[in-house]
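Encoded as structure tokens, the structure appears first; notes follow it.
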Amino acid sequence: MIRLFAVAGYVYQSATAILLIFAINHLLTAVDYTHFSLALASSQLLCVLMFEWLQLAGLRFLAAAGDRDAARLRWSLFAAGLLSAGALIVVGGCASLMSPLTPEVIVLGLSVAVLQGLTDLYFLTIRLSNRLGLSSCLLALRATALLFGAVTGAALSGTAEAALFGTASGHVVGLVAGLITGRAKLERAPTSAMLSDWSAFRRYGMVAAGASVIHMSVPVLLRFIIIGRLGATGAGAGFSVALDLLQRPFGVLNAAIHTISYPEVVQDFERGGTARSVDSARRMFEFMICTTIVLLGGLIGFIPDAAHILLPEESLDGFLATAPAVALFYFLHMHLQGTAAIVPHLEKLATRLVIVASGQLVLVALSSALAVAAGLSSRGAVACASVATGLVILLALGPTVRYRAVPHAILIIQALAAAFLIGSLASVPLQPLWLAGKVLIAALATAAVAWRGDFLMLARRG
Numbered sequence: 028m029i030r031l032f033a034v035a036g037y038v039y040q041s042a043t044a045i046l047l048i049f050a051i052n053h054l055l056t057a058v059d060y061t062h063f064s065l066a067l068a069s070s071q072l073l074c075v076l077m078f079e080w081l082q083l084a085g086l087r088f089l090a091a092a093g094d095r096d097a098a099r100l101r102w103s104l105f106a107a108g109l110l111s112a113g114a115l116i117v118v119g120g121c122a123s124l125m126s127p128l129t130p131e132v133i134v135l136g137l138s139v140a141v142l143q144g145l146t147d148l149y150f151l152t153i154r155l156s157n158r159l160g161l162s163s164c165l166l167a168l169r170a171t172a173l174l175f176g177a178v179t180g181a182a183l184s185g186t187a188e189a190a191l192f193g194t195a196s197g198h199v200v201g202l203v204a205g206l207i208t209g210r211a212k213l214e215r216a217p218t219s220a221m222l223s224d225w226s227a228f229r230r231y232g233m234v235a236a237g238a239s240v241i242h243m244s245v246p247v248l249l250r251f252i253i254i255g256r257l258g259a260t261g262a263g264a265g266f267s268v269a270l271d272l273l274q275r276p277f278g279v280l281n282a283a284i285h286t287i288s289y290p291e292v293v294q295d296f297e298r299g300g301t302a303r304s305v306d307s308a309r310r311m312f313e314f315m316i317c318t319t320i321v322l323l324g325g326l327i328g329f330i331p332d333a334a335h336i337l338l339p340e341e342s343l344d345g346f347l348a349t350a351p352a353v354a355l356f357y358f359l360h361m362h363l364q365g366t367a368a369i370v371p372h373l374e375k376l377a378t379r380l381v382i383v384a385s386g387q388l389v390l391v392a393l394s395s396a397l398a399v400a401a402g403l404s405s406r407g408a409v410a411c412a413s414v415a416t417g418l419v420i421l422l423a424l425g426p427t428v429r430y431r432a433v434p435h436a437i438l439i440i441q442a443l444a445a446a447f448l449i450g451s452l453a454s455v456p457l458q459p460l461w462l463a464g465k466v467l468i469a470a471l472a473t474a475a476v477a478w479r480g481d482f483l484m485l486a487r488r489g
């Protein structure tokens, strides 16, 4: 039951993230929202650059460690995290010299990156201490604080700087709450042991994190290519909203499934035997693929309703023109970064992950830039990026196919049928009564997929 509670917590985070994007878009002008969006996307990239290697190393090594080793590894992780925070400030400060953003926005963006990285790292150690419930509560608390802080700042001042200050404040609230409630057991490591841990983190974590950084760069690069054509206009703001909004549900769902299921997959891979390891990975694949397929259908089905209810008029057309294509792109992007990478992560094939991510970056950059140069619409450019990403997925599936953790085809077909049904509801008239019917149909279709896939039973196993 605790895993079901954790999934609900991640759904709550996704909902608050969506509300945050819509609220900030209402409270800021198109220019300020574009600056806020660019600063936030850049801070996310820097956060991944400096902290993702520790997240990946901690998840891979702590999940399989005993109590004594775990206490030492946490000490090494936190020490490395503080060094990474200092390096982030230096690297980000140098990179900001080439940024068109104001110094205030840059400083606040760097603050958000540092605070998010440290908080995520601390929450990870709480999760891997078999306290999934506490870590889920802390994540939900931080999501609430981020929503309240950013919206309050934007409402009071109406500037990108104020919204970013509120975002940073939300991360502070989450970190302080984690330090108070989730006191992690630590064992101070001798310098030699800590250096040995750092070496192990570096050999696996830095290379794997390099792949994450490259993957993170793809939508950022796509944003700059298309915004470079649209400019800081209503159409540009609508496209920015689509990029900001539609990555959240996929990112949060991917993080939820990894947080809930991946530690078990690692433990079975290390100590459970071949048959148990393959079965554990297969169930995780089914969980990820089926839920994200239904999510894609839900986003497409409810995009018109959400846009007309929550978006300002100046961003509406730009959002509606690109949102379905952006949703498909993030669906493919998430599976390339998450699903297709599970087996390489288990087998510590980090170099392969970097090659795959680099291939996506190059193909997406070329295809979208050529699409813009050829005069295609922003929707056409995103569609080209989706095709490029799909091609890379096909080329990257070798280790997963060899692992033989093949999901049951019938579950995938049922998820596709539910997604098609929910997505087709986009054509239903935009009226409150019809909206209530759409919600009911979508809920029933989603529940049917969850029941057939036994995902609720999977949640109760924890």
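To convert, take the position in the sequence shown, counting from 1, and add 27; that gives our numbering.
Here a beta-carbon is modelled for each residue, glycine too, at the ideal position from N, C-alpha and C.
These figures come from a predicted structure and were not determined experimentally.
query: Quick one: any contact between the region 102-114 and the region 39-47, if contact means 3 or more CB pairs under 8 Å?
result: Touching, no.
- prompt: With a CB to CB cut of under 7 Å and the five nearest residues on each side skipped, what residues in its chain are close to A211?
  reply: Excluding sequence positions up to five before and after A211, its CB lies within less than 7 Å of the CB of R101, T152, I153 and S156, all in the same chain and listed in chain order.
- prompt: What runs of the alpha helix (DSSP H), each 4 residues or longer, lie entirely inside the region 371-443?
  reply: For the region 371-443, whole alpha helix (DSSP H) runs of length 4 or above, ordered along the chain, are 377-400, 405-423 and 425-430.
Coarse secondary structure for T186, derived from DSSP in three states: Correct three-state label for T186: coil.
query: Going by the C-beta, is G144 closer than 7 Å to any heavy atom of the ligand SAM?
result: Questions concerning the ligand SAM fall outside what the structure shown contains, since it holds no ligand whatsoever.
message: On the criterion of 16 or more Cβ atoms from any shown chain inside 10 Å, does A164 qualify as buried, or is it exposed?
response: The residue you asked about is not Ala; residue 164 is Cys in the sequence shown. Under a 10 Å Cβ-count criterion, C164 is classified as buried, with 16 or more other Cβ atoms of the shown protein chains found around its own Cβ.
Enclosing alpha helix (DSSP H) for V455 [first to last residue]: Here V455 belongs to no alpha helix (DSSP H), and DSSP marks it neither H nor E.
task: Classify H335 as buried or exposed, calling it buried when 16 or more other Cβ atoms lie within 10 Å of its own Cβ.
output: An exposed status is given to H335, since fewer than 16 other beta-carbon atoms sit within 10 Å of its beta-carbon.
message: As a quick exercise: from S244, F150 and A392, pick the residue whose alpha carbon is nearest that of L206.
response: Of S244, F150 and A392, the smallest CA-CA separation from L206 is found for F150.
- request: Can you say whether R488 is buried or exposed, counting buried as having 16 or more other CB atoms within 10 angstroms of its CB?
  value: With a pLDDT of 41 at R488, under the threshold of 50, the predicted position of this residue should be treated as unreliable, though the coordinate-derived value follows. Classification for R488: exposed.
Coarse secondary structure for K465, derived from DSSP in three states: In the displayed model, K465 falls within a helix according to three-state DSSP.
message: Is the beta carbon of G185 closer than 8 Å to that of L67?
response: No, the pair does not count as a contact, with Cβ atoms beyond the cut-off.
- prompt: Got a sec? Which residues, its chain only, sit under 6 Å from L248 by beta carbon, not counting five neighbours each side?
  reply: Excluding the 5 residues flanking it on each side, L248 has same chain C-beta neighbours closer than 6 Å at A392, in chain order.
message: In the DSSP assignment, the alpha helix (DSSP H) including Y357 goes from what residue to what residue?
response: Start and end: E340 to Q364.
- prompt: Can you tell me the Cα-Cα spacing of W461 and E341, whole angstroms?
  reply: C-alpha separation (whole angstroms): 25 Å.
Span of the alpha helix (DSSP H) around P130: Annotation: the continuous alpha helix (DSSP H) that includes P130 extends over P130 to R154.
task: For I382, count neighbouring Cβ atoms within 10 angstroms of its own Cβ and tell me buried if that reaches 16, exposed if not.
output: By the neighbour-count rule (16 or more Cβ atoms within 10 Å), I382 is not buried but exposed.
- prompt: Excluding sequence positions up to five away, which residues of its chain have a Cβ less than 6 Å from the Cβ of Y60?
  reply: If you ignore the 5 residues before and after Y60, its C-beta comes within less than 6 Å of the C-beta of N52 and A264, all in its own chain and listed in chain order.
message: Between which two residues does the alpha helix (DSSP H) holding G85 run?
response: From DSSP, the alpha helix (DSSP H) with G85 extends over A57 to L89.
message: Between which residues of its own chain and F228 is the CB-CB distance below 6 Å, once the five residues before and five after are set aside?
response: The answer, listed in chain order, is A84.
message: Rounding to the nearest angstrom, what Cα-Cα distance links P290 and S404 in this structure?
response: Between P290 and S404, the C-alpha separation is close to 43 Å.
query: Looking at the unbroken alpha helix (DSSP H) that takes in L222, where does it start and where does it end?
result: Looking at the DSSP string, the run of the alpha helix (DSSP H) that includes L222 is T218 to F228.
task: Indicate whether the contact test is met: 3 or more Cβ pairs, each with one atom in the region 125-141 and one in the region 186-201, closer than 8 Å.
output: Yes, the region 125-141 is in contact with the region 186-201.
field: Option in L390, S451 and H360 with minimal Cα separation from S239
entry: If we check each option's Cα against that of S239, H360 comes out closest.
field: DSSP three-state assignment for L213, whether helix, strand or coil
entry: In this structure, DSSP gives L213 a state outside helix and strand, which the three-state scheme calls coil.
message: Counting C-beta neighbours from all protein chains within 10 Å, is the total for P434 16 or more, i.e. buried, or is it exposed?
response: P434 should be labelled buried.
query: Helix, strand or coil: how does DSSP classify R158 here?
result: Looking at R158 - three-state DSSP - the assignment turns out to be coil, as it is neither helix nor strand.
query: Taking just the CA atoms, how far does H362 sit from A35?
result: Cα-Cα distance, rounded: 21 Å.
- request: In angstroms with no decimal places, state the Cα-to-Cα distance between L76 and P459.
  value: Roughly 44 Å separates the two Cα atoms.
task: Report yes or no: is there a C-beta of chain C within less than 8 Å of the C-beta of A216?
output: The structure shown contains no chain C, having only a single protein chain.
- prompt: Among residues of its own chain, excluding the 5 on either side of L485, which ones have a beta-carbon nearer than 6 Å to its beta-carbon?
  reply: For L485, the pLDDT reaches just 47, beneath the cut-off of 50, and the residue's location in the model is therefore unreliable, although a value from the coordinates is still provided. Around L485: no qualifying Cβ.
Coarse secondary structure for A98, derived from DSSP in three states: Judged by DSSP in its simplified three-state form, A98 adopts helix.
- prompt: With 16 as the cutoff for other CB atoms within 10 Å, does S267 come out buried or exposed?
  reply: Around the Cβ of S267, a 10 Å sphere holds 16 or more other Cβ atoms; the residue is buried.
message: Mapping the DSSP letters down to three states, classify G300 as helix, strand or coil.
response: Correct three-state label for G300: coil.
field: Cβ-based neighbour list, S70, same chain, cut-off 6 Å, excluding 5 preceding and 5 following
entry: G136, V139 and A140.
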